[in-house]
Amino acid sequence: MFTATPSLFNLDGKVDVPWARIVVNEVPESAVGVSSDEVMLDKNLKPIKQQSASIPINSNLTIHVGNNVRLEAFGLKARLTGDLKVAQDKQGLGLNGQINIPDGRFHAYGQDLIVRKGELLFSGPPDQPLLNIEAIRNPDATEDDVIAGVRVTGSADQPKAEIFSDPVMSQQEALSYLLRGQGLSSGQSDSAAMTSMLIGMGVAQSGQVVGKIGETFGVSNLALDTEGVGDSSQVVVSGYVLPGLQVKYGVGIFDSLATLTLRYRLMPKLYVEAVSGIDQALDLLYQFEF
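Note that the working numbering has the sequence shown beginning at 156, numbered continuously upward.
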């Protein structure tokens, strides 16, 4: 029901959504949200006053999500159901309720996982739901009757992803079942590879934070990454301290040996590189495509 007066719009009622297709495009990892203290300026560098609606709107709606509503966002393809209460007043827009994921697929760690549990809990701003999602590898493609999957919890703007298994086992073993459908072999190389992969995943999740730290200290393109394979794997931090001068520092994951690399661009495709570690080297590098 919609009612209006010269000073207020009121919207009450129930909305049924039997069918919908929602697609959310992914944003770059380096993307950041708008700061709460952002100030917009006009061409004269004067603050622009935010315009509010000429007539306030109060709403009290209940939205029922039917059985043919599907979402595709950030690796998740799922069917949604549930109920939401939408309330809007002079304080802003708020959502309360729960959206369930009765079935779906979640692409993570290079695997197409089955969503066995999915809940989006709303209690406030619409862009900050709490997540509770579990997605598992297909049990028919996993040995030893092991269930291995990924659990995503926390707020939508800062989700936490962790690997789990049933029965409970080490993260390395669970990751092996998740990625390969089987446990670790007795070979040390497989164990080292899994350890390197776990560290690499943690490093990747830290990339945006590291970039912000670099901007604070004037180091451009500061990045945290992993290099090498197996026993030769390293955690590497790199960045440009001057235009054309890149500094890279790596520490071995298994041997703790450090390597310092300086690379300077002489020409668009010509570099001089100095490496200091167990061995010392000075190289002239030319980059080309063929």
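We put the CB at the ideal spot given by N, CA and C, even for glycine.
- Task: Assign Thr160 to buried or exposed, taking buried as 16 or more other Cβ atoms, counted over all protein chains shown, within 10 Å of its Cβ.
- Result: Classification of Thr160: exposed, given that the 10 Å Cβ count is below 16.
- Message: If you reduce the DSSP assignment to three classes, tell me which class Ala311 lands in.
- Response: Looking at Ala311 - three-state DSSP - the assignment turns out to be coil, as it is neither helix nor strand.
- Query: Hey, is the region 268-287 in contact with the region 229-249, meaning 3+ C-beta pairs nearer than 8 Å?
  - Reply: Short answer: they touch.
- Pick from Leu379, Gln253, Gln337, Leu268: whose alpha carbon is nearest that of Gly221? Gln253
- Message: With H, G and I counted as helix, E and B as strand and the rest as coil, what does DSSP make of Pro294?
- Response: helix
- Inspect the beta-carbon positions of Arg271 and Lys232 and report whether they are closer than 9 Å. no
- Task: Provide the residue span of the alpha helix (DSSP H) that contains Leu334, from first to last.
- Result: 326-335
- Check whether Leu166 and Leu216 have beta carbons under 9 Å apart: yes
- Task: Can you say whether Gly155 is buried or exposed, counting buried as having 16 or more other CB atoms within 10 angstroms of its CB?
- Result: The requested residue 155 does not occur in the structure, where the chain is confined to residues 156 to 445.
- Quick one: grab the DSSP three-state call for Ser387. helix
- Query: Sorted by chain position, which residues of the same chain lie with C-beta nearer than 6 Å to Phe157's C-beta, five sequence neighbours on each side aside?
  - Reply: Taken in chain order, the residues that qualify are Leu166.
- Item | Delimiting residues of the beta strand (DSSP E) encompassing Met156 | No beta strand (DSSP E) holds Met156; DSSP gives it neither H nor E.
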